[in-house]
Amino acid sequence: MSLWEYANPRRFMAVTDRWMPWVFGAAAFCLCTGLVWGFFFTPADFRQGESVKIIYLHVPAAMMAINAWAMMLVASLIWLIRRHHVSALAAKAAAPVGVTMTLIALATGAIWGQPIWGTWWVWDPRLTSFLILFLFYLGYIALWAAIEDPDTAADLTSVLCLVGSVFAILSRYAALFWNQGLHQGASLSMDAEENVSDVFYFPLLMSIAGFVLLFVALVLMRTRTEIRARRLYALSLRERMS
Amino acid sequence: MPELGKYAIEVTSAYAVSILLLVGLVVLSLRRGRSVARALKNAEERHKNG
Amino acid sequence: MSLTVTDLSCARGGVPVLEGVSFTLEPGQALELRGPNGSGKTTLLRTLAGLQSALDGGIEAPDGAIAYAGHADGLKATLSVAENLRFWAAIYGGGAIDAALAAFDLRGLEERPAGNLSAGQKRRLGLARLLVTGRAIWMLDEPVVSLDTASVALFAAALKTHLAGGGSAVIATHVDLDIGAGTLDVSAFRAAPAQGGAFDEAFL
Amino acid sequence: MSLTVTDLSCARGGVPVLEGVSFTLEPGQALELRGPNGSGKTTLLRTLAGLQSALDGGIEAPDGAIAYAGHADGLKATLSVAENLRFWAAIYGGGAIDAALAAFDLRGLEERPAGNLSAGQKRRLGLARLLVTGRAIWMLDEPVVSLDTASVALFAAALKTHLAGGGSAVIATHVDLDIGAGTLDVSAFRAAPAQGGAFDEAFL
Amino acid sequence: MIALLLRDIRLAVRAGGGFGLALAFFLIVTTLVPFGVGPQNATLALIAPGILWLGALLACLLSLDRIFATDFEDGSLDLLATAPIPLEGVVAIKALAHWLTTGLPLTLVAPFLGVLLNLPGPGYYWITLTLAFGTPALSMIGAFGAALTVGLKRGGLLMSILVLPLYVPTLIFGAETVRRGTEGLATGTPLALLGGITLGAVALLPFAAAAALRVNLR
Amino acid sequence: MIALLLRDIRLAVRAGGGFGLALAFFLIVTTLVPFGVGPQNATLALIAPGILWLGALLACLLSLDRIFATDFEDGSLDLLATAPIPLEGVVAIKALAHWLTTGLPLTLVAPFLGVLLNLPGPGYYWITLTLAFGTPALSMIGAFGAALTVGLKRGGLLMSILVLPLYVPTLIFGAETVRRGTEGLATGTPLALLGGITLGAVALLPFAAAAALRVNLR
Ligand code: HEM
Ligand SMILES: Nc1ncnc2c1ncn2[C@@H]1O[C@H](COP(=O)(O)OP(=O)(O)OP(=O)(O)O)[C@@H](O)[C@H]1O
Ligand SMILES: Nc1ncnc2c1ncn2[C@@H]1O[C@H](COP(=O)(O)OP(=O)(O)OP(=O)(O)O)[C@@H](O)[C@H]1O
Ligand SMILES: [Mg+2]
Ligand SMILES: [Mg+2]
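Chains as they are written, first to last, in this note's numbering: chain L, 383 to 624; chain U, 6 to 55; chain Y, 3 to 206; chain S, 3 to 206; chain A, 48 to 265; chain V, 48 to 265.
Encoded structure:
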């Protein structure tokens, strides 16, 4: 069976109906384990003290914030090329999840910044790019909300998502060019030397898995809602026309 | 509670804010999902009957 | 320069409005679209003019033969009558606007800003635009709205000249134009609710 | 509730358009304003409705008796049909909108955003607004534009009920309404170019 | 009157033009400032009160743009002018609706944006207070400008130009109060003047705006 | 195409929406800044390049607002879409007309406004140069935003929100070049990047904008 079959709304609804409890269960399990482990059972870092515990929220949220946008980009492309409604609706469903993730990353980062850098906010390129990403999410959501006809909205937001992605990447380089920052470099590289030590590493991985699963679960659930809402819109239109 | 040292406020508030946001998102998603599902059910019935 | 429509379906706001529309329009013919309010005349005309894509079916017309005139006249309030008309003439690569001005009795109003015209004068200017496009197939959406009897006669005369010159026209209207055109009642083609389980059908 | 107009002159954009218009409209009467495009029907109606002041002459009408409906319908595209109507009902201190919806066959469209209506449906909604104003003297500027025959009949019926209930109406129109109304050809009152030397005259 | 207020608020919220958009504009303008002037915290702290006030002012102005224009274009204004409520009331109510959907949310969100610009401690209190005092004047003055330009096709920019000079006193007293407050100086006088401007604007401008509207409808 | 360009320029000049208004807005915003941030010359000199760029950007944005909306509302856009010129060309021409009536005058007038903000000496040269390089991108990006929101009644503010984040790279490179130039540092890289963004925008965005317009006409 081709993968595209899942783009049939009926099929999608039927299949995800079976998956939902499992995905939610796995997400809850991983998230709770990761966060509880991180919060209660990890030692303090020798430099950052107990504040390092924020990492179990901050890093996964930051990762998902970016990944959510990437997913929206792919879904938008699929809609533009193959015009599968499920794909457009999945992009719509992912945006609020992505925005929440961005907000969590920003909030935890700001809270973390207060003890470590002595300020809530600096115009570091990484932080700046995140703020810009937040703005892109806002624009995307606002455009969806402003247009009443769902197919028109799907087309326009998809175009916006494409163009926006290009400009988001440009902004990232612009911000790097503009100000070299204070923020941490990558610490999860494959190179064992650079890695944070295992005590922090495993709960972090667990928590990342939890965020990924939670993202998947929420997007699936919201996509189901959007499909229903789309169907509802079509029905009510037809009702009014006859 | 684990020993959080001088960062107690920061760490707990970070967890509180994040969990609040996540729970908020989940609750909103669930609520909207329910209401849309209910509305759709009504509409489908009306559609079939009339 | 004939227009052939076969089994056309079109939608408005994502909902199918008409289906199975077929007709052929030969040079020199005009077709009146009739149907009560909300039956889909505007939708059909916009589809034929290429402003929206058809759900299904085919529209065969020579390239660049269709001129569209909708509910709105596309006038710029701050430009004068002549400037408005000259602009459209330039866009369609045409030249003189005198004939068009004369045909719709707009002589004497040339220098008036279009925003200062009365409702019927605006409409006449909008119709005069058709003459400068030099296109063969006109798609007109309620062309005689707001026109007085004399102006309706002007319009009918212009239309007859157009048809006599090998042009054709599709006209959505609620009033009789007495130009001996065929009529097509679009309410006969109202789309039936979709049935069965095709892909994505649930949303149409 | 009678409207008396004596020797009225009115201007549009600073240019006198009509002069010496006089008529009386008793309860139960309707008056059709006729005249070619640009003859000043809209100008006259706006003057009567108090939207612009008269150059000269008098308009006698009871306070708060006039309801005006112009070329534009005053609809908010994002509000639903019912919300639009309910708003105007509230502004005029009235209450129920059901009768108005029924009179113009808008039942079933209540929840539709006004922006999604077809041209004729919008117009019907604009006319329905008149019923919720509860006012006695209607000033209507081309009310039946875009309406199909059935809707024109609805309008005529609503108008007759209004007249039978002691209301009256002044209607600018290019099409015959068959309501047995008197007609007034405004082209008879076209303002003559100003002569002589009154103060400020040079500018009129 | 209440129907009109409710309708305007509903329209603002429906069109997405209400709470959300003005706020987002405010957020974006504040974010753009550091890109322009550079990321140094000291500089930013110095200009933060002024920038916040300017941002709020622009957000207010832009959302005012079509406060009467949409009603004019679709004919509602003709109908409102012939309706049994005074045009002065219509103006005042529309300005109030605008303030509720724009000025008020801007005031509430300003302290959070202060974080981005590194606003010094007491600034948070003062920025909220002065915006609360000043934004009603912004809405009312803007409504007057909108009334003047309602008949023009591209009135938005012209309106900005008419209105911005009128905003000067409000801006000066508002930003000055915040600056003094942040430095611990006396703020009584500028605050009183700010309040005075607001009261005066709300009391008198509806009449001027209604007169302008009548002329434009003619 | 040339007819369209001439028409757009003529409309801009007629409605008073062209040269004059955007410039006046620019002027007023730049003069409001000292009222907001205080009159100290040192502070002003520090933030001058950024403020000039921001002012130009906002002036550009506001005048873009209704670049397609007026044509959409009066039906011209329907007619242009069925006319024998490609919609991509229409978009590009309209953006060009906008640049000629807004971006170009803004560029020419920016040095004079620099005086008001106490811009340091070499800054005059750099601000003109970067604006000349950057404003075409502003017009084109803005036209894209306008095309997205053309069908919406109160699209202006929404458009600002969609467009302002897209302006970020242009703003950063533009203001950064001026800052570096003023301090005598190397400006090659940011200037090249600024030019690159402009070229890319002009080459690609007409297609995106035309696609958006087609969707909106549907
Ligand atoms: C508002 C402020 C902040 C924002 C928006 C922010 C944003 C980000 C982002 C986008 C990442 C990248 C995640 C990834 O590469 O997948 C990240 C990672 C990280 N952040 Fe922050 N951050 C902020 C403040 C802080 C602070 C104050 C600290 C602590 C000193 C911090 C420590 C880290 C660490 C350790 C990582 C992991 C790096 C990695 O593994 O790649 N962040 N943050
Ligand atoms: N944006 C929209 N979304 C959903 N439905 C719409 C939209 N616009 C119009 N409709 C509906 O589509 C149908 C067809 O409308 P259309 O404008 O084609 O009718 P029409 O025959 O031109 O009517 P009229 O004679 O009143 O102009 C109508 O029932 C109308 O209510
Ligand atoms: N703003 C204006 N400035 C100058 N003249 C104007 C203005 N608006 C309209 N006119 C002119 O005033 C005259 C009267 O216009 P009016 O709109 O009253 O005509 P009308 O009888 O309603 O015509 P129609 O049947 O076409 O609607 C017309 O000749 C018109 O060209
Ligand atoms: Mg129609
Ligand atoms: Mg008229």
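For glycine and all other residues, C-beta sits at the position ideal for the given N, C-alpha and C.
What are the residues of the segment 111 to 132 of chain S that lie near chain Y, defined by any Cβ-Cβ distance shorter than 7 Å?
ASN118, SER120, ALA121, GLY122, GLN123
For Y/GLU144, return the contacting residues in chain S, with the cut-off set at a CB-CB distance below 8 Å.
In the third sequence, the residue the question calls residue 144 of chain Y occupies position 142. Under the 8 Å cutoff, chain S gives ALA121, SER148.
Provide the residue span of the beta strand (DSSP E) that contains S/SER170, from first to last.
Counted from its first residue, the fourth sequence places residue 170 of chain S at position 168. Unbroken beta strand (DSSP E) run through S/SER170: 170 to 174.
Between the Cα of L/GLY480 and the Cα atoms of L/ARG613, L/TRP502, L/LEU520, which residue gives the shortest distance?
The sequence position of residue 480 of chain L within the first sequence is 98, counting from 1. Looking at the Cα atoms, L/LEU520 is the closest of the given residues.
Candidates Y/ALA130, Y/VAL83, Y/VAL134: closest to Y/ALA116 by CA position
Position 114 of the third sequence, counting from 1, holds the residue named residue 116 of chain Y. The candidate whose alpha carbon is nearest that of Y/ALA116 is Y/VAL83.
Check whether the Cβ of Y/ALA174 lies closer than 7 Å to any heavy atom of ligand 4, and answer yes or no.
Locating residue 174 of chain Y in the third sequence gives position 172, counting from the first residue. The answer is yes for Y/ALA174.
Which residues in the same chain as Y/ARG14 place their Cβ atom closer than 6 Å to its Cβ, once the five residues preceding and following it in sequence are excluded?
Position 12 of the third sequence holds residue 14 of chain Y. Same-chain partners within the cutoff: THR45.
DSSP state of A/PHE115, grouped into three classes?
Counted from its first residue, the fifth sequence places residue 115 of chain A at position 68. Here A/PHE115 carries a coil assignment [DSSP, helix/strand/coil].
Rounded separation between V/LEU195 and V/MET206 - CA only
Stepping through the sixth sequence from its first residue, residue 195 of chain V is reached at position 148. Stepping through the sixth sequence from its first residue, residue 206 of chain V is reached at position 159. Their backbone Cα atoms lie some 8 Å apart in a straight line.
Between L/ALA550 and ligand 6, is there a pair consisting of the residue's CB and a ligand heavy atom that are separated by less than 7 Å?
This structure lacks ligand 6; the ligands present are ligand 1, ligand 2, ligand 3, ligand 4 and ligand 5.
Kindly say whether S/ASP100, judged by its beta-carbon, lies nearer than 8 Å to any beta-carbon of chain A.
Position 98 of the fourth sequence, counted from the first residue, corresponds to residue 100 of chain S. Cβ-Cβ to chain A under 8 Å: no for S/ASP100.
Given that A/ALA71 touches chain L, what residues does it touch there, using C-beta distances under 9 Å?
Within the fifth sequence, numbered from 1, the residue matching residue 71 of chain A stands at position 24. Within 9 Å Cβ-Cβ: LEU517, LEU520, GLY521, ALA524.
Tell whether a beta-carbon distance below 8 Å holds between L/GLY416 and L/SER589.
As a working mapping, residue 416 of chain L is identified with position 34 in the first sequence. As a working mapping, residue 589 of chain L is identified with position 207 in the first sequence. Contact: yes.
Who are the neighbours of S/GLY15 on chain Y, taking C-beta pairs under 9 Å?
Working through the fourth sequence from its first residue, we reach residue 15 of chain S at position 13. Chain Y residues near S/GLY15: ASN118.
Which partner residues does Y/SER2 have in the DSSP bridge list?
Examination of residue 2 of chain Y is not possible in this model, given that chain Y is present from 3 through 206 alone.
Would you check whether ligand 4 has a heavy atom nearer than 7 Å to the C-beta of Y/THR44?
Within the third sequence, residue 44 of chain Y is the residue found at index 42, counting from 1. Yes, the Cβ of Y/THR44 comes within 7 Å of a heavy atom of ligand 4.
Determine which residues of the segment 189 to 215 of chain A have a Cβ less than 8 Å from any Cβ of chain V, and write them out in chain order.
Under the 8 Å Cβ criterion, the segment 189 to 215 of chain A contributes LEU199, LYS200, ARG201, GLY203, LEU204, LEU205, SER207, ILE208, LEU211, PRO212, TYR214, VAL215.
Could you give the DSSP three-state label for Y/ARG137: helix, strand or coil?
As a working note, residue 137 of chain Y is residue 135 in the third sequence. The answer is coil: DSSP assigns Y/ARG137 none of H, G, I, E or B.
Find out if the Cβ-Cβ distance for the pair Y/VAL172, Y/LEU57 is shorter than 8 Å.
As a first step, residue 172 of chain Y is located in the third sequence; it is residue number 170 there, counting from the start. As a first step, residue 57 of chain Y is located in the third sequence; it is residue number 55 there, counting from the start. No, Cβ-Cβ distance for Y/VAL172 and Y/LEU57 is not below 8 Å.
Between the alpha carbons of A/LEU109 and S/ASN86, how many angstroms are there, rounded?
Your numbering for residue 109 of chain A matches position 62 in the fifth sequence. Your numbering for residue 86 of chain S matches position 84 in the fourth sequence. Taking the straight line from one Cα to the other gives about 26 Å.
Which two residues bound the contiguous beta strand (DSSP E) that contains L/GLY495?
Counting from 1 along the first sequence, the entry for residue 495 of chain L is found at position 113. Taken as a continuous stretch (DSSP letters only), L/GLY495 belongs to no beta strand (DSSP E), being part of the alpha helix (DSSP H) at 467 to 499.
Measuring alpha carbon to alpha carbon, tell me which residue in Y/GLY169, Y/HIS73, Y/GLY122, Y/LEU142 is nearest Y/LEU149.
Residue numbering aside, residue 149 of chain Y sits at position 147 when the third sequence is read from its first letter. Minimum Cα distance to Y/LEU149 is reached at Y/GLY122.
Comparing the C-beta of V/ALA258 with each C-beta of chain L, is any distance below 8 Å?
On the sixth sequence, residue 258 of chain V is found 211 positions in, with the first residue counted as 1. True, the Cβ-Cβ gap to chain L drops below 8 Å.
Could you check whether the Cβ of U/VAL57 sits closer than 8 Å to any Cβ belonging to chain L?
Because chain U spans 6 through 55 in this model, residue 57 of chain U falls outside it and cannot be assessed.
Would A/THR245 and A/THR234 qualify as a contact pair, given that the criterion is a beta-carbon distance under 8 Å?
What you label residue 245 of chain A is simply residue 198 of the fifth sequence in a count that begins at 1. What you label residue 234 of chain A is simply residue 187 of the fifth sequence in a count that begins at 1. Not in contact: A/THR245 and A/THR234 (Cβ atoms no closer than 8 Å).
Who are S/GLY184's beta bridge partners in DSSP?
Residue 184 of chain S sits at position 182 when you count from the first residue of the fourth sequence. According to DSSP, S/GLY184 bridges with S/LEU33.
Could you say if the segment 460 to 469 of chain L and the segment 386 to 394 of chain L meet the contact criterion of at least three C-beta pairs nearer than 8 Å?
yes
Extract the residue ranges of the beta strand (DSSP E) inside the segment 4 to 49 of chain S, only unbroken runs of 3 or more that lie entirely within it.
5 to 14, 17 to 27, 32 to 36
Taking C-beta pairs closer than 7 Å, name the residues in chain U that L/SER589 reaches, listed in chain order.
Along the first sequence, read from residue 1 onward, the residue named residue 589 of chain L stands at position 207. The premise fails here: L/SER589 is roughly 11 Å from chain U at the closest Cβ pair, so nothing lies under 7 Å.
Would you call U/SER40 buried or exposed, if buried means 16 or more other Cβ atoms sit within 10 Å of its Cβ?
Looking up residue 40 of chain U in the second sequence gives position 35. Result: exposed.
Given a cut-off of 8 Å, decide if V/ALA248 and V/ILE188 are closer than it, judged by their beta-carbon atoms.
The residue you call residue 188 of chain V lines up with position 141 of the sixth sequence. The residue you call residue 248 of chain V lines up with position 201 of the sixth sequence. Yes, Cβ-Cβ distance for V/ILE188 and V/ALA248 is below 8 Å.
Tell me which residues of the segment 79 to 106 of chain A have at least one Cβ-Cβ distance to chain L shorter than 9 Å, keeping chain order.
PRO81, PHE82, GLY85, PRO86, GLN87, ASN88, LEU91
Can S/LEU54 be considered in contact with ligand 3, in the sense that its beta carbon sits closer than 7 Å to one or more heavy atoms?
Counting from 1 along the fourth sequence, the entry for residue 54 of chain S is found at position 52. In the sequence as displayed, the identity of residue 54 of chain S is Gln instead of Leu. Outside the cutoff, so no.
Among L/MET395, L/GLU621, L/GLN496, L/ARG612, whose alpha-carbon lies nearest the alpha-carbon of L/GLU530?
Residue numbering aside, residue 530 of chain L sits at position 148 when the first sequence is read from its first letter. Comparing Cα positions, the closest option is L/ARG612.
Starting from L/TRP503, find everything on chain A with Cβ-Cβ shorter than 8 Å and list it in chain order.
Sequence index remark: in the first sequence, residue 503 of chain L carries index 121 (1-based). Within chain A, the residues near L/TRP503 are VAL162, LEU163, ASN165.
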